[in-house]
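The next block holds one structure in the form of structure tokens; read it before the comments.
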Amino acid sequence: MKINSEFDNIKQKIPIYLVVIILITLSIAQPIFEFKNSIFVHEDTPFIGLTYSFNQYVNSLYNNFFIYNNLDYSGVIQRGMISPLNYLYSLLVLPLAITNGILANILENIVFLLIGSLGMFIFLYKLFEKSGYYIRITSSLIGTLIFFPFIGGESSFLPFCFLFILLILRNFNNKTYKLKNNSLVLFGLIISASFLFTFGGYNYLIPDFILFVLLIIVIPIFTQDKRLNLFFILLLAFVIALLINLIIFYGAYLLSISKSANISYYSFMGSLPEPFATSNILYALQILPFSNNPVIFTLKLLLFALSVSGVLIYLNKIKHSPNSTIIISLLIIFILITFFYNTIYKPFGGIFKFLILNFKSLYAIRSGDGSFSYIMGFVLSVFSSATIIFYRDYLKNRELIFTWGILIFILISIGLFYYNDITPYTNINYFYVKIPNHVYLVSNYINNKSGYFNVGILPSAAGFQYLDTWYTGTNIYSYLINKPVYTGGYIAQSEIFYPVTKYLYDDVSSEIDNNKLNDSYISQIFGILGIKYILVQGNALESSPYDQNYYDPFNLNEVYINLNNTYNIKFVKRYSNTSIYENLDYVPLIYTTNIYNIGNSSDGGLIKSITNQSFDIKTDSVYITHIPDFYNDSDTINASSIPNFKEPEIKFNYNNPTQITVKVRNATTPFYLVFRETYGSPWHAYINGKPIPSKYHIAVNGFANAWYINKTGNYTITLYYTLQTDADVAWIVSFAALFATIGIGIYGWKESKKSKAKSNKRIMVKDLGF
1 MKINSEFDNI KQKIPIYLVV IILITLSIAQ PIFEFKNSIF VHEDTPFIGL
51 TYSFNQYVNS LYNNFFIYNN LDYSGVIQRG MISPLNYLYS LLVLPLAITN
101 GILANILENI VFLLIGSLGM FIFLYKLFEK SGYYIRITSS LIGTLIFFPF
151 IGGESSFLPF CFLFILLILR NFNNKTYKLK NNSLVLFGLI ISASFLFTFG
201 GYNYLIPDFI LFVLLIIVIP IFTQDKRLNL FFILLLAFVI ALLINLIIFY
251 GAYLLSISKS ANISYYSFMG SLPEPFATSN ILYALQILPF SNNPVIFTLK
301 LLLFALSVSG VLIYLNKIKH SPNSTIIISL LIIFILITFF YNTIYKPFGG
351 IFKFLILNFK SLYAIRSGDG SFSYIMGFVL SVFSSATIIF YRDYLKNREL
401 IFTWGILIFI LISIGLFYYN DITPYTNINY FYVKIPNHVY LVSNYINNKS
451 GYFNVGILPS AAGFQYLDTW YTGTNIYSYL INKPVYTGGY IAQSEIFYPV
501 TKYLYDDVSS EIDNNKLNDS YISQIFGILG IKYILVQGNA LESSPYDQNY
551 YDPFNLNEVY INLNNTYNIK FVKRYSNTSI YENLDYVPLI YTTNIYNIGN
601 SSDGGLIKSI TNQSFDIKTD SVYITHIPDF YNDSDTINAS SIPNFKEPEI
651 KFNYNNPTQI TVKVRNATTP FYLVFRETYG SPWHAYINGK PIPSKYHIAV
701 NGFANAWYIN KTGNYTITLY YTLQTDADVA WIVSFAALFA TIGIGIYGWK
751 ESKKSKAKSN KRIMVKDLGF
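Residue numbering for the sequence shown follows this note's numbering, starting at 1 and increasing by one per position.
In structure tokens form, the structure reads like this:
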């Protein structure tokens, strides 16, 4: 009898084992199928799968502690700041990332898919635990497979968030509920929500934020008692999760108030709605793979109608419970998000535009209009599972009809969601390329050179030609070269928030790309930007010139003629179809100059002055009194030339991206100290610890910081980006919140052990007959 009982127990678990095997197989197969030893490229996430050197990887982690990104053109507020959880994760994947980038990314995707798929199955299995064993497994598996294509770094943790919320709701039905006895569940919710924000990054912070606000408001409404307690518990978890990721939100806020952000993208956002909007509520179905195929669209409508109608009927049949609270909350969230996200016209469109235009920090977190697709996919997955259970109860005496209905439902739903997911090569927005070996050789050549210099790419990449321009793929070098790389185009690190030097480089490079220049001193305009090496590339990705939409034409012959006929630019080396030129005439990161004031001039006047034969970029800087949307001298001095100017001796120590120490020796006249980074008011200068008045801080050469120094002798000047002080506070808060969460987890674990020990003791006493 005992053997038969054990056999029945194993037999009972076989379906669960099969589900686990299916999910593990899919999680392993999909990333391998997608990559096939190639680099994955997309406009928002270029060059996933690159292999980095140890120094590159560690330097990248180090630089992310700072609010200022010195590797994007001439510097910009850091957009890619990451949370403490990101750091812990990055340290874990370090060995693979510097060994084989493709393998590292494949394994990363496998882990996320496993977390997301197993988490979704467990959540659905727990959600419908009052249903029959086999129908629970069937409906949970189908719901998980529907959600599977939506699983990524951020969405992997969404099922666990709802799982822990479900456990909290069930515990609240217990009249003796005590938070301390459920601190382990609270810990799980905080960690899940934190990872959701962490891996959602800038793309999904706003959708995640909106989702949690709605959960905090909606779920307590449908709780029978202790609504206020539940509200504060959910709020507590939400706030701690936000605090752990505070540094990400802070970086986004700073971007929103920066001048480059205000002039680049918000003006565009003010002209909504058309390609971003529709008044059609069926646009909610955009969460399913897009297709103009009428059959696909009809199936989408059918799946949508079945799921939502099934849920509405299901809710009418079940009693009030934590399960129904979750499903009702998801239904309300589904409706609210559908209108907010998809209906840009009145009244919701007016609310949306008001928020974006008046709270610009919302759009500093990218996709402020809402990348809700994975949330909506999650909701529809839950609805589908609930619908299957409802129809099973409704057709309990008609097994054959139900079985065929389930098969049809599986074919429709899984077929729809995998229409694009398993055939990524057919999607024009995705590219899988093999980076040519000479690209690595070029990068290594530059990386082996010491000093603080920049790199320029020709022909330049205009507009959004991030990598798929047929002639090159310039952004490859933005990731492989550990110096600032001027491409003239889109760089994912800053994306829509370009430093002003991006536009300056556009003007110069477009002339070099298309016209035979008579001026032989274009080396000076490169030099003023700190560009020491210039890369001229052919078709690095070897794609067709006819399959991409390139904005600006160029002529490679003109590029070579212009460089070969320029003073102080010499050919150095060639790797495959890429030539390396060296500019002998470039300025260091920090240097001293006099001023050449050209008044309220244009960029053309600036370039003309710098490329003039008599102009020495190493001893002179050009001053413009007004640079539109960037600099105005109304609050600073109108800089003028210094009579009898003499350069002092200077040496500088680059402490980190936000602090530089300059040693000045033998200064006998006033001078202008030039710092070849993007001008910004947060940059402050201190002489022996005393601040230099802000009126002496000016912009020179159209972009760079400069300070008028009127002190002789020997002394030390410290340059400091003051926003880093606030960033340091944000880091401290983030780590403190993480440690507090770990403390909650440890406390919950200890309480759980005590509770189990007491329970075992009671059972033992009972068994003894006491």
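The beta carbon of each residue, even a glycine, is placed where N, CA and C say it ideally should be. Remember, it's a predicted structure, so these values are computed and weren't measured experimentally.
Where the beta strand (DSSP E) containing residue 603 begins and where it ends: It is not in any beta strand (DSSP E) - residue 603 instead sits in the alpha helix (DSSP H) that spans 603-610.
Limits of the unbroken beta strand (DSSP E) element including residue 717: 713-721
6 Å CB neighbourhood of residue 634 in its chain, flanking five on each side removed: none
Proximity of residue 782 and residue 499 at Cβ, strictly below 8 Å: Not covered by the structure: residue 782. The range shown for the chain is 1 to 770.
Beta-bridge pairing of residue 691 - partner residues as DSSP gives them: 686
Segment contact flag, the region 11-20 with the region 132-139, C-beta cutoff 8 Å, min 3 pairs: yes
Cα-Cα separation between residue 651 and residue 661, rounded to whole angstroms: 8 Å
Buried or exposed (CB count within 10 angstroms, at least 16 for buried), residue 619: exposed
Candidates 528, 596, 584, 702: closest to residue 629 by CA position: 702
For residue 127, the residue or residues it bridges with in DSSP: The partner list for residue 127 (beta bridge, DSSP) is empty, contrary to what the question assumes.
Residue 593 - containing beta strand (DSSP E), residue span: 590-597
Residue environment, residue 154, which counts as buried when at least 16 other CB atoms sit within 10 Å: buried
Runs of beta strand (DSSP E) lying entirely within the region 651-676, each at least 3 residues, in chain order: 659-667
C-beta contact flag for residue 664 and residue 715 at 8 Å: yes
Enclosing beta strand (DSSP E) for residue 571 [first to last residue]: 569-575
Helix, strand or coil at residue 458 according to DSSP, with G and I counted as helix: strand
DSSP state of residue 325 mapped onto helix, strand, coil: helix
CB contact flag (residue 139, residue 388, <8 Å): yes
Alpha-carbon to alpha-carbon, residue 724 and residue 117: 39 Å
CB contact flag (residue 522, residue 486, <8 Å): no
Between the CA atoms of residue 49 and residue 430 - distance to the nearest angstrom: Because residue 430 carries a pLDDT of 47, less than 50, the predicted location of this residue cannot be relied on, and no value is offered for it.
Test item: CB-CB of residue 325 and residue 233 under 8 Å: no
CA nearest to the CA of residue 536, picked from 528, 514, 563: 563
Under 8 Å between C-beta atoms of residue 207 and residue 372: yes
Among 530, 459, 512, nearest to residue 484 - alpha-carbon criterion: 530
Distance CB(residue 587)-CB(residue 527) smaller than 8 Å: yes
Same chain, Cβ closer than 8 Å to residue 574, neighbours up to 5 away in sequence not counted: 580
Three-state secondary structure assigned by DSSP to residue 83: coil
Contacting residues, own chain, Cβ-Cβ under 6 Å from residue 442 (five flanking each side not counted): 575, 578
Residue 59 - containing alpha helix (DSSP H), residue span: 54-63
Exposed unless 16 or more other CB atoms sit within 10 angstroms - verdict on residue 707: buried
Close-in-space but distant-in-sequence residues of the same chain around residue 113 (CB under 6 Å, 5 per side omitted): 27, 151
DSSP three-state assignment for residue 771, whether helix, strand or coil: For the chain, the structure presents residues 1 to 770; residue 771 sits outside this window and is missing.
Extent of the continuous beta strand (DSSP E) to which residue 696 belongs: Premise fails: residue 696 is in no beta strand (DSSP E) and is neither H nor E.
Per-residue burial, residue 390 [other beta carbons within 10 Å of its own, 16 or more giving buried]: buried
Under the three-state DSSP convention, the category residue 447 falls into: helix
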